[in-house]
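> A single structure is presented below for examination.
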Amino acid sequence: MKNSLASFIAGAGLIVASQAYIVNLNVYDNTCAYTIGFQSLELTTNGGALQQLTAYSRQACAGPTTYQGCAAGVDSMPLNVCYDTVDSAGGSNALSSYSSGGDCPN
1 MKNSLASFIA GAGLIVASQA YIVNLNVYDN TCAYTIGFQS LELTTNGGAL
51 QQLTAYSRQA CAGPTTYQGC AAGVDSMPLN VCYDTVDSAG GSNALSSYSS
101 GGDCPN
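Position one of the sequence shown corresponds to residue 1 (UniProt numbering), numbered consecutively onward.
Structural data, given as structure tokens:
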């Protein structure tokens with residue numbers, strides 16, 4: 001199993017702007033990671049073939065999503081770029097890496 005999405009949550013646990021902190025989290029290919037609340041992420045390592053990344057507002061890898069992108073391949077999210085993971089319900093609480101042969105989410 002490839003360690004695919006190494007150290008990539010930025011601004012995790014944002015309470016107020018002056019109290020933001022960074023957490024590094026590895027999400028292995030084809031797994032779900034429950035996290036403390038976070039408002040943004042930064043991909044620092046690409047995943048395995050066909051891997052896609054999804055951030056969820058609930059603390060489960062199901063339900064409303066706050067971000068989706070490809071974690072590998074020619075359409076991969078650029079590395080070391082900050083992505084917002086906030087929707088109308090607030091921030092995110094879980095991340096998944098999964099294999100999909102379909103098009104990358106926009």
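Virtual Cβ for every residue (Gly too), placed ideally from N, Cα, C. Quantities reported herein were computed from a predicted structural model and do not represent experimental measurements.
(1) What does a CB cutoff of less than 7 Å around A33 pick up in its chain, not counting 5 residues either side in sequence?
(2) Along the chain, where does the beta strand (DSSP E) that runs through T45 open and close?
(3) Sort S97, G102, A89, V81 by Cα distance to G37 and report the nearest one.
(4) Can you tell me which of the three DSSP states S97 falls into?
(5) Report buried or exposed for I15, applying the criterion of at least 16 other Cβ atoms within 10 angstroms of its Cβ.
(6) By how many angstroms is the C-alpha of G101 removed from the C-alpha of Q51?
Reading from the atomic positions:
(1) Closer than 7 Å at Cβ, skipping near neighbours: L25, V27, A94, L95.
(2) Segment: none, T45 is in no beta strand (DSSP E) and carries neither H nor E.
(3) Ranking the options by Cα distance to G37, first place goes to A89.
(4) Secondary structure of S97 (DSSP, three-state): strand.
(5) Low confidence applies here, because I15 scores a pLDDT of 43, under 50, leaving its location unreliable; read the following figure in that light. So I15 ends up on the exposed side.
(6) Spanning the two alpha carbons is a distance of roughly 9 Å.
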